[in-house]
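Undergrad: The opening residue of the sequence shown carries number 169 in the numbering used here; numbering runs sequentially from there. All C-beta atoms in this analysis are idealised placements derived from N, C-alpha and C, irrespective of residue type, glycine included.
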Amino acid sequence: MPEKDFILASCSPQRLSLLKQIGYIPMKVESADIDETPKRFERPTEYVKRMAKEKALAVAAKYPHKVVLAGDTVIVSGTKILQKAPDAEAQKKVMRLLSGKAHKVLSGICVVAADGRVSLKCVSTRIVMKKMTEKEINEYVATNEWVGCAGYKIEGCLAGFVKKIIGSYSSVVGLPLFEARNMLNGAGVK
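(1) Mind checking which residues open and close the alpha helix (DSSP H) that includes GLY276?
(2) Would you check if the distance between the CB atom of LYS269 and the CB atom of MET300 is smaller than 8 Å?
(3) Is VAL171 helix, strand or coil when you go by DSSP?
(4) Going by C-alpha distance, which of ALA253, GLU257, GLY191 and GLY324 is nearest LYS172?
(5) Do the segment 231-245 and the segment 341-349 meet, that is, are 3 or more Cβ pairs less than 8 Å apart?
(6) Measure how close the beta-carbons of ILE277 and ALA348 come, nearest whole angstrom, since I'm counting them as under 8 Å.
(7) Got a sec? Which residues, its chain only, sit under 7 Å from PRO212 by beta carbon, not counting five neighbours each side?
(8) Using a threshold of 8 Å, state whether the C-beta atoms of GLU198 and ALA228 are closer than that.
(9) With ARG264 and ILE305 assumed to form a contact (beta carbons below 8 Å), what rounded beta-carbon distance in angstroms separates them?
(10) Jot down the residue ranges of each uninterrupted alpha helix (DSSP H) in the segment 210-290, minimum 4 residues, whole runs only, in chain order.
(11) Are LEU225 and VAL309 close, meaning C-beta to C-beta below 8 Å?
(12) Going by DSSP, which residues form a beta bridge with VAL330?
(13) Between SER287 and MET351, is the Cβ-Cβ spacing less than 8 Å?
(14) Quick one: what's got a C-beta closer than 7 Å to HIS233's C-beta in the same chain, skipping five residues either side?
(15) Pop quiz: TYR231 and ILE175 are said to be a contact at Cβ under 8 Å. What is the actual Cβ separation, rounded to whole angstroms?
(16) Roughly how many angstroms separate the alpha carbons of SER336 and CYS290, rounded to a whole number?
(17) DSSP on PRO181, reduced to helix/strand/coil?
(18) For ALA318 and GLY354, I'd like the C-alpha separation in whole angstroms.
(19) Leaving out five residues before and five after LYS217 in sequence, what residues of the same chain have Cβ atoms less than 7 Å from its Cβ?
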């Protein structure tokens, strides 16, 4: 499959794999080095949109007149963004928090067109988890699938604990493909 004329501003293997799935292989992949600290009182929706935009603009500054796609995904419980757990005990607390409840996964997506136009969206997906036993939580945490991501990876064994997904599965994995394809098409990438 031929590459498309755009740059993916992310080194996430999930985002690259998702794009390949729909035949949108970027000509270049480059991570943006930005400060990802949430601002005081920043709402999760505004945070993921800001992160996606800052990542896209940082890479676009290095490659003028190129189309750049960036994304950011967070798990939100109530109004709290779940950060990456530093260790297994912290991850067990995260799983107890999510167990038996609904939470949101928010994905910010940004495309900077070759002429500098910026398109920005946020996709919200609701996830309903089954009530997990302490044994199930311990077994899940022991898989180490959660290492390196905030919350979990839905494409792994955690999928067996998800009762319902209301929204975009690809967004939960890391990039809402419907929106990504449409936004890239709008920037001239076909």
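TA: In short:
(1) For GLY276, there is no enclosing alpha helix (DSSP H); the enclosing beta strand (DSSP E) has its first and last residue at 270-280.
(2) no
(3) According to the sequence provided, residue 171 is Glu. The question's Val does not apply to it. If DSSP states are grouped into helix, strand and coil, GLU171 belongs with the strands.
(4) GLY191
(5) yes
(6) 6 Å
(7) Within the same chain, VAL242, VAL244, THR247, ILE249 and LEU274 come within 7 Å of PRO212 by CB-CB distance, once the 5 residues on both sides are set aside.
(8) no
(9) 6 Å
(10) 212-230 and 256-266
(11) no
(12) MET297
(13) yes
(14) Within the same chain, ALA282 come within 7 Å of HIS233 by CB-CB distance, once the 5 residues on both sides are set aside.
(15) 6 Å
(16) 11 Å
(17) helix
(18) Cα to Cα, ALA318 sits roughly 30 Å from GLY354.
(19) GLY276, LEU288 and CYS290
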